[in-house]
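Novice:
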Amino acid sequence: MLLAPQVDCYHSVTDTIYNYGALTLDGDEYVGPLLIHFWLSLHAELNALQDELRNQGVVVLGFPSNQFGKQEPGQNSEILPALKYVRPGNGFVPNFQLFQKGDVNGAKEQKIFTFLKNACPPVAEEFGNPNKLFWEPLRNHDIKWNFEKFLVSPEGVPIMRWYHRTNIDVVKRDIVNYLRLRQNQQEQVDQ
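The sequence shown begins at 71 in the numbering used here and counts up by one.
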């Protein structure tokens with residue numbers, strides 16, 4: 071069984087994420103900086119990550135889906151109140167951009183996820199309990215469970231993909247290392 075906490079995306083990708091639209095919770099087309107693209111999860115940890123890395127240009131984006139154990143059954147208008155009062159509750163308000171709920175796998179998957187999944191190898195080969203997966207057909211590159219994460223460069227090129235159980239500290243370390251590498255490359259170009 072292949073299982074990796076993270077994988078590097080394919081270097082041969084020539085397209086960018088900017089060619090694929092996504093609607094925010096309020097129905098607007100998202101236009102803005104993009105460095106990190108997250109699958110909606112780990113709410114408090116994502117808020118902390120956004121706070122810590124915002125000044126370095128990191129933007130956390132969350133895409134809710136109901137395809138994994140029916141964990142997001144409500145309408146788009148119910149997502150923010152559910153986060154605030156139910157899960158995680160206690161008045162939680164995300165400080166990162168949330169998008170409209172949609173499919174990330176299967177026949178009706180959003181094009182942005184088709185692109186991301188084709189740009190990065192899978193982080194696991196096996197799927198979870200098929201009784202909790204709500205899409206067809208199942209494909210090897212599919213997002214295997216809620217909470218998978220993708221890192222996307224400012225140019226819109228996918229860089230890295232993380233397994234859904236990868237600790238957020240590992241994700242943060244990988245992002246910081248990527249940012250350092252970019253900075254070093256830019257300094258060499260500037261010399």
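The C-beta atom is built at its ideal place from N, Cα and C for all residues, glycine as well.
Quick caveat: nothing in here was measured; it's all calculated off a predicted structure.
Alpha carbon to alpha carbon, what distance is there between Q253 and N125?
Specialist: Cα to Cα, N125 sits roughly 14 Å from Q253.
Novice: Any contact of the region 180-193 with the region 137-154, i.e. 3+ C-beta pairs under 8 Å?
Specialist: With the cut-off at 8 Å, the region 180-193 and the region 137-154 do not touch.
Novice: Would you please state the rounded distance, in angstroms, between the beta carbons of F133 and V174? I believe it to be under 8 Å.
Specialist: F133 to V174, Cβ: 7 Å. Contact.
Novice: Just grab the DSSP bridge partners of W205 for me.
Specialist: According to DSSP, which records beta bridges pairwise, W205 is partnered with nothing at all.
Novice: State the beta-bridge partners of Q137 as determined by DSSP.
Specialist: Beta-bridge pairing links Q137 to no other residue.
Novice: Between the Cα of I238 and those of L208, C79, Y100, E122, spot the shortest distance and give me the residue it belongs to.
Specialist: With distances taken between Cα atoms, I238 lies closest to E122.
Novice: Measuring alpha carbon to alpha carbon, tell me which of F220, D244, L249, Q255 ends up nearest C79.
Specialist: Measuring from the Cα of C79, the nearest candidate turns out to be F220.
Novice: Using a Cβ-Cβ cutoff of less than 7 Å, which residues in the same chain neighbour H234 once the five nearest sequence positions on both sides are dropped?
Specialist: K214, W215, N216, F217, E218.
Novice: In or out: L251 buried (at least 16 other Cβ within 10 Å) or exposed?
Specialist: L251 is exposed by the Cβ-count criterion.
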